[in-house]
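J.: Questions regarding the structure given below will be posed in turn.
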Amino acid sequence: MNKNVFHNNFLAMNTRMDVILWGDAQEKMESVFCSITACAEQLEKTLSRFNPDAETYLLNQALLKGAAFKTSAVLTEVLAKCEQYFQMTKAYFDVCYQNRTAGSIWPIQFNADGTCKSIQAGVQINFGAIGKGIVLQEVDTILKNNCIENALISFGESSILTRGKHPHGEYWPFAFQNNMGIDAVLELNNDCLSISGLHNDAAHIVNPINQQLITEPLGVCVQTDNAMDAEVLSTTLIAAPKNQHEEILAAFNIIKLLYSDS
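Right, dumping it as structure tokens:
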């Protein structure tokens, strides 16, 4: 078996993506890495709320003015998926929570002409809690289209995509640091992993129902077969009260859930 290993990394969305591929010709793996880089860069140009040239930035400016905005096919699809997650999580995952009145109504309305408009004043879009998952889902498509069987993609060390197995084992091992409060080693093959934790970080996750920052020390790790699902749930399970978790989880296909409040 060819165990030729390729490893490289690049910066995207203010963090680093590490790419490990093995088992194919070096030239092919280099080409796939270039495709991954280009994909991440293009999605960042679409999803960034800070870059004045990015589509989401321009959308937010229109929303503040109460104006209609014609979104691209990519952004339209992303917003539609986020509305679906909003419903699946009982409104505890909400990319529109900033500057809005809390409620269970999705505030972005699409019109027949392809434009969208907010039905609530002050709404702003923030893809920070799902952006890495969106990128990793597209990376997964690139791997499949190029018949890459073995890969580990680590996006900021908290969002993981694996395909196949480690070059020296039957799985990709993933161990937690002690400060997560979780003692486990996961054996990953064709899996997606997302980790959210507040042990050493400043509070950054908001409960969109009551608009309060979550400050309790929490750690959540979600293993699924879909990168976007994993990202959504790792945030939602911190934002939502525990008595809502069972109903929220029932809407998803979960492989493993690790949770710590120590």
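Heads up: take any position in the sequence shown, counting from 1, add 1, and you land on my numbering.
Don't be surprised by glycine CBs; every beta carbon is placed ideally from N, CA and C.
Do Leu-162 and Ile-154 have their C-beta atoms closer together than 8 Å?
T.: Start at 1 with the first residue of the sequence shown, and residue 162 comes out as number 161. Start at 1 with the first residue of the sequence shown, and residue 154 comes out as number 153. Cβ distance < 8 Å, so Leu-162 and Ile-154 count as in contact.
J.: Check each candidate in Leu-187, Ile-239, Met-229 and Gly-165 and name the one with the smallest Cα separation from Glu-139.
T.: Sequence index remark: in the sequence shown, residue 139 carries index 138 (1-based). Ranking Leu-187, Ile-239, Met-229 and Gly-165 by Cα distance to Glu-139 puts Met-229 first.
J.: Buried or exposed, going by whether 16 or more other CB atoms sit within 10 Å of the CB of Gly-67?
T.: Position 66 of the sequence shown, counted from the first residue, corresponds to residue 67. Exposed, because fewer than 16 other Cβ atoms sit within 10 Å of the Cβ of Gly-67.
J.: With a CB to CB cut of under 7 Å and the five nearest residues on each side skipped, what residues in its chain are close to Gln-62?
T.: Position 61 of the sequence shown holds residue 62. Closer than 7 Å at the Cβ level, and outside the excluded window around Gln-62, lies no residue.
J.: If we require 3 or more residues per run, which beta strand (DSSP E) segments fall completely within the segment 135 to 179?
T.: The segment 135 to 179 contains these whole beta strand (DSSP E) runs: 152 to 156, 160 to 164 and 173 to 176.
J.: Contact between the segment 49 to 57 and the segment 159 to 175: three or more CB pairs below 8 Å?
T.: Verdict: no, contact absent.
J.: Terminal residues of the continuous alpha helix (DSSP H) containing Leu-65?
T.: As a working note, residue 65 is residue 64 in the sequence shown. Per DSSP, Leu-65 belongs to the alpha helix (DSSP H) from 56 to 66.
J.: Using only the alpha-carbon positions, how far apart do Asn-227 and Asn-211 sit?
T.: Position 226 of the sequence shown holds residue 227. Position 210 of the sequence shown holds residue 211. Distance between the alpha carbons of Asn-227 and Asn-211: 28 Å.
J.: What number of angstroms, rounded off, separates the C-alpha of Ser-235 from the C-alpha of Lys-29?
T.: Counting from 1 along the sequence shown, the entry for residue 235 is found at position 234. Counting from 1 along the sequence shown, the entry for residue 29 is found at position 28. In a straight line, the C-alpha of Ser-235 is about 34 Å away from that of Lys-29.
J.: Could you check what DSSP says for Leu-250 in three-state terms: helix, strand or coil?
T.: Counting from one through the sequence shown, the residue named residue 250 turns up at place 249. In the structure shown, Leu-250 sits in a helix (DSSP, three-state: H, G or I).
J.: Closer than 6 Å by C-beta to Leu-64: which residues in its own chain qualify, once you throw out the five before and the five after it? Chain order, please.
T.: For the purposes of this step, residue 64 is identified with residue 63 of the sequence shown, where counting begins at 1. Cβ within range, chain order: Ser-119 and Val-124.
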